[in-house]
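A.B. asks:
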Amino acid sequence: MKFKKFFTTFALTATFAFGTALFVGQNVGAKEVRRVNATTDVGTIVFAEANSDSAVNYMYGINWTENEIPGPTDWSGEAFHPVDAESGTFVNGTRVGTEIKKIGPYTYYIAVSGATVGTVATVKGTWANSTYSFKVKEFVRQWDDALEDYDVVSLADANIPDFENVLVITEDVAGYDYSTDPAALPSKKGFFGLTNSTGSYAFQFKFQKSGQSAGWFDIRIGGTGSWGRGHLLMLKMSNEWNANDGCARVYEYLDSG
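Just so we're aligned: 64 in my numbering is position 24 of the sequence shown, and the numbers increase by one with no gaps anywhere.
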């Protein structure tokens with residue numbers, strides 16, 4: 041799989057990888073093209089990020105534009121289908137996907153089916169369900185299973201000391217203040233440089249809870265400026281429901297969205 045910039049890899053004890061986009065596939069043919077009568081045109085959808093490396097049957101796409109389609113933010117909504125033979129997901133001129141589904145806020149699944157390493161897929165045309173229609177700003181993605189070069193970054197590399205049984209809140213604390221001055225970075229906790237040319241890294245550390253939490257343990261990676269701003273990943277961990285079990289959630293944010 042191929043990962044870009046700080047979304048490349050993130051590690052908690054072991055390395056976990058997160059992509060930036062999502063979609064699922066099925067075998068399709070021309071007979072499956074559906075004409076639908078949508079009542080509302082939401083304009084052009086631009087998939088600012090789309091990942092075609094995580095599986096051969098789907099991609100995940102992120103739409104950061106204002107033309108967000110109303111409706112469910114999970115898998116329960118009605119899928120969108122191409123309205124004509126020129127619309128769909130194509131590989132070498134053959135349509136291999138006839139479904140786009142909204143599965144979360146700004147997050148969409150695009151069916152592909154049958155891709156292999158080196159496959160180039162093109163998503164284009166007009167898509168609709170019984171309620172909404174939209175055009176896709178045409179984009180092309182290629183499947184590639186090669187990892188980019190990345191640095192493994194520890195807490196020490198980020199100028200963050202080991203701590204035990206200490207409440208650590210990095211927001212609005214002088215040692216963690218945001219700075220754009222490279223000269224200030226060695227003295228700032230949480231900042232680190234990269235030696236690779238891809239801007240990619242795995243952030244690796246250990247975390248152990250000694251009791252039941254009253255809330256979430258949050259880690260923000262890649263943000264710029266004040267808390268919750270910039271293009272960032274947020275890792276949240278908690279065992280507040282059961283002292284012996286926990287869960288982790290990973291969010292991708294653009295500013296506060």
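Even glycine gets a Cβ: it sits at the ideal position worked out from N, Cα and C.
So is Asn284 buried or exposed if we call it buried at 16+ other beta carbons inside 10 Å?
C.D. replies: Counted from its first residue, the sequence shown places residue 284 at position 244. Classification of Asn284: exposed, given that the 10 Å Cβ count is below 16.
A.B. asks: Who are the near neighbours of Tyr291 in its chain, counting only those whose CB is closer than 6 Å to its CB and skipping five residues on each side?
C.D. replies: Your numbering for residue 291 matches position 251 in the sequence shown. The answer, listed in chain order, is Met274.
A.B. asks: Taking the alpha-carbon positions, what's the Lys246 to Gly111 distance?
C.D. replies: Taking the sequence shown and counting its residues from 1, the one referred to as residue 246 is at position 206. Taking the sequence shown and counting its residues from 1, the one referred to as residue 111 is at position 71. Straight-line Cα distance between these residues: approximately 39 Å.
A.B. asks: Rounded to the nearest angstrom, how far is the Cβ of Phe174 from that of Gly83, given a contact under 8 Å?
C.D. replies: Position 134 of the sequence shown, counted from the first residue, corresponds to residue 174. Position 43 of the sequence shown, counted from the first residue, corresponds to residue 83. That pair is a contact at about 6 Å.
A.B. asks: Where Gly251 and Asn205 are concerned, what is the direct C-alpha to C-alpha distance, given to the nearest angstrom?
C.D. replies: What you label residue 251 is simply residue 211 of the sequence shown in a count that begins at 1. What you label residue 205 is simply residue 165 of the sequence shown in a count that begins at 1. Cα-Cα distance, rounded: 11 Å.
A.B. asks: Give me the residue from Gly137, Trp115, Asp114 and Glu118 with the minimum Cα distance to Ala373.
C.D. replies: The requested residue 373 is not part of the displayed model; the chain covers only 41 to 297.
A.B. asks: Rounded to the nearest angstrom, what separates Gln244 and Leu195 at their Cα positions?
C.D. replies: For the purposes of this step, residue 244 is taken as the residue at position 204 of the sequence shown. For the purposes of this step, residue 195 is taken as the residue at position 155 of the sequence shown. For Gln244 and Leu195, the distance between alpha carbons rounds to 7 Å.
A.B. asks: Using only CA atoms, which one of Asp295, Ile143 and Thr79 lies nearest to Tyr100?
C.D. replies: Counting from one through the sequence shown, the residue named residue 100 turns up at place 60. Comparing Cα positions, the closest option is Ile143.
A.B. asks: Sorry if obvious, but does the Cβ on Trp183 come closer than 7 Å to a heavy atom of the ligand NAP?
C.D. replies: Absence of the ligand NAP is noted for the structure shown, with no ligands found whatsoever.
A.B. asks: Do Ala88 and Asn103 have their CB atoms nearer than 8 Å?
C.D. replies: On the sequence shown, residue 88 is found 48 positions in, with the first residue counted as 1. On the sequence shown, residue 103 is found 63 positions in, with the first residue counted as 1. Yes; because the gap between Cβ atoms is below 8 Å, this pair is in contact.
A.B. asks: If I measure Cβ to Cβ from Asp81 and keep anything under 8 Å in the same chain, skipping five residues before and after, which residues do I get?
C.D. replies: The sequence position of residue 81 within the sequence shown is 41, counting from 1. Only Tyr172, Ser173 and Phe174 meet the Cβ criterion.
A.B. asks: Going along the chain, which residues of its own chain have a beta-carbon closer than 7 Å to the beta-carbon of Ile150, five neighbours each way excluded?
C.D. replies: Counting from 1 along the sequence shown, the entry for residue 150 is found at position 110. Within the same chain, Ile150 has close Cβ partners Phe63, Tyr98, Met99, Gly101, Thr129, Gly137, Ile140 and Val163.
A.B. asks: Give me the residue from Arg289, Val176 and Asn132 with the minimum Cα distance to Trp256.
C.D. replies: On the sequence shown, position 216 is the one that residue 256 refers to. Comparing Cα positions, the closest option is Arg289.
A.B. asks: Alpha carbon to alpha carbon, how far is Gly154 from Gly165? Give it in angstroms, no decimals.
C.D. replies: Locating residue 165 in the sequence shown gives position 125, counting from the first residue. Locating residue 154 in the sequence shown gives position 114, counting from the first residue. Looking at the two C-alpha atoms, the distance is approximately 21 Å.
A.B. asks: Going by DSSP, which residues form a beta bridge with Asn282?
C.D. replies: To locate residue 282, count along the sequence shown from 1; it is residue 242. For Asn282, which the question treats as bridged, DSSP gives the partners Asp285.
A.B. asks: Give me the Cα-Cα distance between Val96 and Gly215, rounded to the nearest whole angstrom.
C.D. replies: Here residue 96 corresponds to residue number 56 of the sequence shown, with the count starting at 1. Here residue 215 corresponds to residue number 175 of the sequence shown, with the count starting at 1. Going by the C-alpha atoms only, they are around 45 Å apart.
A.B. asks: Which residues bound the beta strand (DSSP E) around Phe243?
C.D. replies: As a first step, residue 243 is located in the sequence shown; it is residue number 203 there, counting from the start. Looking at the DSSP string, the run of the beta strand (DSSP E) that includes Phe243 is Tyr241 to Phe243.
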